[in-house]
Amino acid sequence: MLKWLKDRPAPRILMGDFNMQPPRVEPILEGAGFTIAPTGPAYPVDKPRIQLDYIAVDGLKIRSADVIEITDVSDHRPIIAEVEPS
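Okay, so the sequence shown: first residue is 17 according to our numbering, each after it adds one.
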């Protein structure tokens with residue numbers, strides 16, 4: 017997927033459940049030119065302590081990022097980021 021993304025022009029957003037914890041994710045995404053939004057742990061939904069979900073951007077500035085306290089739709093809490101052109 018990163019090879020495919022590298023061939024696409026910025027701005028780019030990559031987000032989702034990567035099923036990988038820090039520090040394994042950062043070097044992969046940052047090495048591909050992405051900046052990772054500082055959301056924090058969102059799993060498990062009842063007491064988040066593990067970060068598996070990420071929002072990463074290239075060619076955009078992250079204004080804010082957070083984990084939302086919604087607990088009835090998934091086993092992960094939702095994560096959000098507000099971005100703007102860089």
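C-beta: ideal position from N, C-alpha, C; glycine also.
My output table needs one value for isoleucine 78: the three-state DSSP class, helix, strand or coil. strand
From leucine 76 to aspartate 88, what does the alpha carbon distance come to, in whole angstroms? 31 Å
Would you call the CB atoms of valine 83 and proline 54 closer than 8 Å? no
Whole-angstrom distance between valine 61 and aspartate 91, CA atom to CA atom: 5 Å
Apart from the five residues on each side of it in sequence, which residues of its chain come closer than 8 Å, Cβ to Cβ, to leucine 68? Asp33, Phe34, Asn35, Met36, Gln37, Ala58, Tyr59, His92
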